[in-house]
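Data block below; observations after.
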Amino acid sequence: MEEPIEGSIAVQKISWRQPRLQLETRQYQYVIGLVLLSIVLVLLRNQFLPANSHAALGLSQLQLSFELSGGQKGVTDVRLSVPISSSNHRVVSQTMNYAGWRIKHRNYKEIAERGIRLQLNSDAAKALISFEYVIDSTEAKNVIARPLTLEQRQRYLHISAAQKRSLNIVQEPSQSIQTQQQLNDFLEQHSGLWRSAAYDTDLGLYGCEQDYRIQQRLLLQLRARNLPSRFVCGLAIEEGHAQRRGVIESYIDEHWAVVQVININPQNFIPFYRGEGGFFKVEGPGKITFKSSVKMLNKTSAEYDWQRLLDLKQLPVSTQQLLEVILILPLAVLIIAYLRLVWQVPMLGSLTPALLGMALAFNEIWLSLILLVAVLGPLFWIRHLSHSSNKIVTHGMTLTFITLLLIVMLVLLDFYAVLDSPSDIILPTVLLVLFIDKYYQSYNKQGAKQANWQMFYTLGFAFSIVPIVQYTSLGFWLLSYPELHLITLALLIMLWQQPVTPTLNDNKIADKADS
Numbered sequence: 131m132e133e134p135i136e137g138s139i140a141v142q143k144i145s146w147r148q149p150r151l152q153l154e155t156r157q158y159q160y161v162i163g164l165v166l167l168s169i170v171l172v173l174l175r176n177q178f179l180p181a182n183s184h185a186a187l188g189l190s191q192l193q194l195s196f197e198l199s200g201g202q203k204g205v206t207d208v209r210l211s212v213p214i215s216s217s218n219h220r221v222v223s224q225t226m227n228y229a230g231w232r233i234k235h236r237n238y239k240e241i242a243e244r245g246i247r248l249q250l251n252s253d254a255a256k257a258l259i260s261f262e263y264v265i266d267s268t269e270a271k272n273v274i275a276r277p278l279t280l281e282q283r284q285r286y287l288h289i290s291a292a293q294k295r296s297l298n299i300v301q302e303p304s305q306s307i308q309t310q311q312q313l314n315d316f317l318e319q320h321s322g323l324w325r326s327a328a329y330d331t332d333l334g335l336y337g338c339e340q341d342y343r344i345q346q347r348l349l350l351q352l353r354a355r356n357l358p359s360r361f362v363c364g365l366a367i368e369e370g371h372a373q374r375r376g377v378i379e380s381y382i383d384e385h386w387a388v389v390q391v392i393n394i395n396p397q398n399f400i401p402f403y404r405g406e407g408g409f410f411k412v413e414g415p416g417k418i419t420f421k422s423s424v425k426m427l428n429k430t431s432a433e434y435d436w437q438r439l440l441d442l443k444q445l446p447v448s449t450q451q452l453l454e455v456i457l458i459l460p461l462a463v464l465i466i467a468y469l470r471l472v473w474q475v476p477m478l479g480s481l482t483p484a485l486l487g488m489a490l491a492f493n494e495i496w497l498s499l500i501l502l503v504a505v506l507g508p509l510f511w512i513r514h515l516s517h518s519s520n521k522i523v524t525h526g527m528t529l530t531f532i533t534l535l536l537i538v539m540l541v542l543l544d545f546y547a548v549l550d551s552p553s554d555i556i557l558p559t560v561l562l563v564l565f566i567d568k569y570y571q572s573y574n575k576q577g578a579k580q581a582n583w584q585m586f587y588t589l590g591f592a593f594s595i596v597p598i599v600q601y602t603s604l605g606f607w608l609l610s611y612p613e614l615h616l617i618t619l620a621l622l623i624m625l626w627q628q629p630v631t632p633t634l635n636d637n638k639i640a641d642k643a644d645s
């Protein structure tokens with residue numbers, strides 16, 4: 131091999147030929163062993179945890195149907211509440227059928243617009259929406275203390291001026307209720323606060339709305355005595371059927387407890403909505419008819435105690451949705467690693483596009499694009515600052531500039547009411563800032579052209595992960611069979627290569643090239 135001439139510029143030729151995987155004997159053993167182990171675990175899971183294990187776990191099957199009549203296509207919107215998992219009731223499975231409807235957005239957070247919003251997308255005279263939930267109802271043995279934040283305490287103690295005037299509410303801080311015994315004494319002395327309204331035949335209401343009207347004065351009186359209280363709408367299960375009912379929950383001894391003033395057993399009450407908004411809401415023309423049914427499944431609690439440790443589908447639905455995203459992350463890294471192996475393109479690491487794609491997938495695609503432009507735009511204007519020897523100055527100015535832009539974007543999104551939960555954009559923003567830091571490092575070492583290409587390919591691979599997360603059922607299958615990630619490990623081992631230690635001759639050639 132001819133050595134480069136001293137003083138000349140060494141040019142490195144890039145080969146675009148696809149590399150071949152050269153596996154050692156030990157790698158073959160690891161790959162085959164992991165694949166066989168995953169197959170054995172899947173077979174054992176199917177043998178001991180059948181797909182219909184819900185029917186043998188002592189659960190209840192709740193079926194809800196909403197029939198809309200007189201609606202108008204593209205105009206009628208419906209907001210439906212969804213069950214809230216608690217210490218007594220956990221939603222472990224849900225199925226939804228909404229033929230003729232279009233989902234506008236889903237929101238499972240504890241805010242005013244919690245639930246599923248749908249828009250009528252059919253000209254049919256009657257449109258049907260049906261839900262099927264599998265709910266595990268168990269009596270909580272240990273209640274975890276959950277302190278209230280200052281904002282939550284203010285919300286659950288709020289009494290409007292109109293309510294004070296119409297219901298003659300007088301706040302009496304000296305008579306505050308702080309213990310369960312004080313609450314029981316107050317309910318015994320002031321039973322007329324709700325019983326007088328219980329026999330009012332002129333209400334013209336039913337379900338949650340009627341229960342709220344009956345207990346409204348009691349709710350406000352509890353707040354007036356410095357006891358955080360809230361109204362909860364849900365379903366009361368009685369003798370194989372469910373009724374829409376509402377109860378008051380008060381914050382006693384650092385946890386929420388039902389104020390039992392009406393004939394509802396808290397153990398049979400499944401919360402759906404916390405607030406005065408009701409069980410469902412129709413916006414536009416149309417009227418909804420609600421029906422429900424409950425089917426108690428077979429009880430074999432002895433099997434359930436150990437099966438719930440092995441079956442992730444027994445976790446609450448909210449936890450399942452989070453685990454689906456987490457379980458896809460190793461698969462996303464695997465996909466990017468193989469794409470990078472095939473295309474041989476420069477990127478800012480393999481984990482960076484995977485994490486960035488997962489973070490962007492948490493939001494709507496249009497919101498991700500807005501966030502991307504708002505955060506990455508400034509880096510082209512201030513990238514010359516990255517040449518500063520003081521990296522703290524560079525990172526501080528970048529983060530400050532991005533924070534100011536983020537505040538402006540949040541204000542605009544809130545003004546146009548297009549952002550359900552502002553906290554969702556925090557994670558993508560943090561990862562984008564770290565991404566910018568890697569871009570600046572590449573910019574200083576390799577120049578603007580190489581850094582721009584690396585950024586372009588990294589963003590391209592990141593957006594390739596978004597549809598995998600949002601529009602595939604990979605998360606569902608990995609949640610059902612998490613042992614399939616052993617195959618992921620096997621595929622990653624195939625990419626493992628023995629690190630090469632540079633020889634003395636290689637170092638001499640590199641020194642000549644640098645000179």
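Each residue of the sequence shown is one higher than the last, beginning at 131 in my numbering.
We put the beta carbon where it would ideally sit given N, CA and C, even for glycine.
These figures come from a predicted structure and were not determined experimentally.
Residue pairing for Val377: DSSP places it in a beta bridge opposite Val362. Contact annotation: the stretch 254–265 touches the stretch 221–230, with at least three C-beta pairs closer than 8 Å. The count of Cβ pairs closer than 8 Å, one atom from the stretch 399–416 and one from the stretch 194–212, reaches three, so the stretches are in contact. In the same chain as Leu189, and ignoring 5 residues on each side of it, the C-beta atoms closer than 8 Å to its own belong to Val222, Val264, Ile265, Asp266, Ser267, Leu427, in chain order. Between the stretch 245–256 and the stretch 230–237 there are three or more inter-stretch CB-CB distances shorter than 8 Å, so the stretches are counted as touching.
For Pro612, there is no enclosing beta strand (DSSP E), as DSSP marks it with neither H nor E. Under the DSSP assignment, Tyr403 falls in the beta strand (DSSP E) whose first and last residues are 399–404. As DSSP reads the structure, Phe410 sits in a beta bridge with Leu210.
Distance from the CA atom of Ile456 to the CA atom of Tyr587, rounded to whole angstroms, is 23 Å.
For Gly200, same chain residues with a beta-carbon under 7 Å away, outside a window of 5 residues either side, are Pro415, Gly416, Lys417 in chain order.
Setting aside the 5 residues that flank it on each side, Pro358 is surrounded in the same chain by Leu278, Gln282, Arg283, Tyr286, Leu287, Ser380, Tyr381, each with a C-beta closer than 8 Å to its C-beta; the list follows chain order. Ile392 is the residue among Ile392, Ile555, Tyr158, Arg244 whose C-alpha sits nearest the C-alpha of Ile344. Cα atoms of Ile367 and Asn218: separation of roughly 13 Å, rounded to the nearest angstrom.
Setting aside the 5 residues that flank it on each side, Gly245 is surrounded in the same chain by Arg209, Leu210, Ser211, Val212, each with a C-beta closer than 6 Å to its C-beta; the list follows chain order. Secondary structure at Ile259: strand, using DSSP grouped into helix, strand and coil. Under a 10 Å Cβ-count criterion, Phe606 is classified as exposed, with fewer than 16 other Cβ atoms of the shown protein chains found around its own Cβ. In the three-state scheme derived from DSSP, where H, G and I count as helix and E and B as strand, Ile394 is classed as coil. Taking all protein chains in view, the Cβ of Trp386 is crowded by 16 or more other Cβ atoms within 10 Å, so the residue is classified as buried.
Per DSSP, reduced to three states, the secondary structure at Ser306 is coil, with no helix or strand assignment.
In terms of Cβ geometry, Arg374 and Gly337 form a close pair [threshold 8 Å]. Under the rule that a run must span 3 or more residues, no beta strand (DSSP E) segment is found entirely inside the stretch 560–587.
Contact check for Trp626 against Gln157 passes: the beta carbons are separated by less than 8 Å.
In the structure shown, the three-state DSSP call for Gln451 is helix. Classified as buried, Ser168 has 16 or more neighbouring CB atoms from the shown chains inside 10 Å of its CB. Between Ile532 and Val563, the C-beta spacing is below 8 Å.
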